[in-house]
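Below: one structure, written as structure tokens.
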Amino acid sequence: MPDLRLVLLMVASMTATAGQAADQYAALRTNPFIVPVNAADAQVNKTVDKHKTTNMKLRATVVAGSRSQANIDGVIIGLGEDVNGYQLAEVHARSVVLEQNGTRKEILIDEGDESNRN
């Protein structure tokens, strides 16, 4: 009889685990733009200057680890590449961090663009 209880407990736990996995993938099937939470991305760098970088507009980002890219003023650059004297240091879903002489500046998509705000 104890063996039957153990088997039933194992079956119940496997069913619960499968249900959780199914819920996670169901959400991904319904919304392809859900971004998984990554502990490294969740850290906020306190040294970033959030003031608008002069005359630079972030149009799009592609977050792909070391192959991440950004479209700044129509120029597509990868991590470590330069644009207008700034080096692309970080790429996030809706922002990038640029570095110049130890100074870090963050540019947001839609920053300063009143036509895209409701």
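Residue 88 in the numbering used here is what sits at position 96 of the sequence shown, and the numbering runs on without skipping anything. Backbone N, C-alpha and C fix where the C-beta goes; we use that ideal spot for every residue, glycine too.
Terminal residues of the continuous beta strand (DSSP E) containing residue i?
i	result
Lys49	It is not in any beta strand (DSSP E) - Lys49 carries neither H nor E in the DSSP assignment.
Glu91	87 to 92
Val83	78 to 83
Leu100	95 to 100
Val67	67 to 70
Ala62	61 to 64
State yes or no: is the C-beta of residue i within less than 8 Å of the C-beta of residue j?
i	j	result
Ala81	Glu91	yes
Ser87	Ile99	yes
With distances taken from CA atoms, which of the options is nearest residue i?
i	options	result
Arg51	Ile64, Ser60, Gly94	Ile64
Ser60	Asn47, Val89, Gly94	Val89
Val83	Arg96, Val75, Ala62	Ala62
Asp102	Gly94, Asn93, Ala85, Leu(-2)	Ala85
Gly57	Gly70, Leu1, Leu(-4)	Gly70
Roughly how far, in whole angstroms, is the beta-carbon of residue i from the beta-carbon of residue j, given that I think they are within contact range, below 8 Å?
i	j	result
Met189	Asn93	The structure shown does not extend to residue 189, since the chain spans only -7 to 110, so no value can be given for it.
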